[in-house]
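Asks: Structure provided below as structure tokens; questions to follow.
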Amino acid sequence: MTDLAYANLPDDQAMAPVRPALLLVDDDPRNITALSEVLAGLDADVVSATSGLEALRLVLQRDFCAILMDVRMPGMDQLRRTGART
1 MTDLAYANLP DDQAMAPVRP ALLLVDDDPR NITALSEVLA GLDADVVSAT SGLEALRLVL
61 QRDFCAILMD VRMPGMDQLR RTGART
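Position 26 of the sequence shown, counted from 1, bears residue number 26 in UniProt numbering, the numbering being contiguous throughout.
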């Protein structure tokens, strides 16, 4: 953010650190658990979804700095998931 952008924020938000958000998308909960453990050391909010539709709902609710997704999931292929938000 620029100094001008910080000037428009309330004092308690101007200095608040921003934690990156990561979205994990996989239909196998074991993969989500394993990857969540790998990412646990990062100072990030790790959010998970077990379907393409659930992932799309989450993406519409907040911004993610990275989305790690299974390439083959039932109900929606990777290209449809990737282009669904644009």
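Each residue gets a CB set at the ideal place from its N, CA and C atoms; glycine is no exception.
Between Leu-22 and Cys-65, which are expected to be in contact by the criterion C-beta below 8 angstroms, what is the C-beta distance as a whole number of angstroms?
Replies: The sequence position of residue 22 within the sequence shown is 22, counting from 1. The sequence position of residue 65 within the sequence shown is 65, counting from 1. With a Cβ gap of about 7 angstroms, Leu-22 and Cys-65 count as contacting.
Asks: Which runs of the alpha helix (DSSP H) fall wholly inside the UniProt domain "Response regulatory" (21-86) and span at least 4 residues, in chain order?
Replies: Runs of the alpha helix (DSSP H) inside the UniProt domain "Response regulatory" (21-86): 29-39, 52-61 and 78-83.
Asks: Between the alpha carbons of Val-38 and Asn-31, how many angstroms are there, rounded?
Replies: For the purposes of this step, residue 38 is taken as the residue at position 38 of the sequence shown. For the purposes of this step, residue 31 is taken as the residue at position 31 of the sequence shown. Using only the alpha carbons, I get a separation of about 11 angstroms.
Asks: Gly-52: buried (16+ other C-beta within 10 angstroms of its C-beta) or exposed?
Replies: One-based indexing of the sequence shown puts residue 52 at position 52. Answer is buried; the Cβ neighbour count reaches 16.
Asks: Who are the Cβ neighbours of Ser-48 in its own chain at under 8 angstroms, not counting the five residues just before and after it?
Replies: In the sequence shown, counting from the first residue as 1, residue 48 sits at position 48. Closer than 8 angstroms at Cβ, skipping near neighbours: Leu-23, Leu-24, Val-25, Asp-26, Ile-32 and Ser-36.
Asks: Restricting to Cα atoms, I'd like to know which of Pro-20, Val-18 and Ile-67 is closest to Thr-50.
Replies: The residue you call residue 50 lines up with position 50 of the sequence shown. Among Pro-20, Val-18 and Ile-67, the Cα nearest to that of Thr-50 belongs to Ile-67.
Asks: Are Pro-20 and Ala-40 touching if we call contact CB-CB under 8 angstroms?
Replies: Here residue 20 refers to the residue found at position 20 of the sequence shown. Here residue 40 refers to the residue found at position 40 of the sequence shown. Not closer than 8 angstroms, so no.
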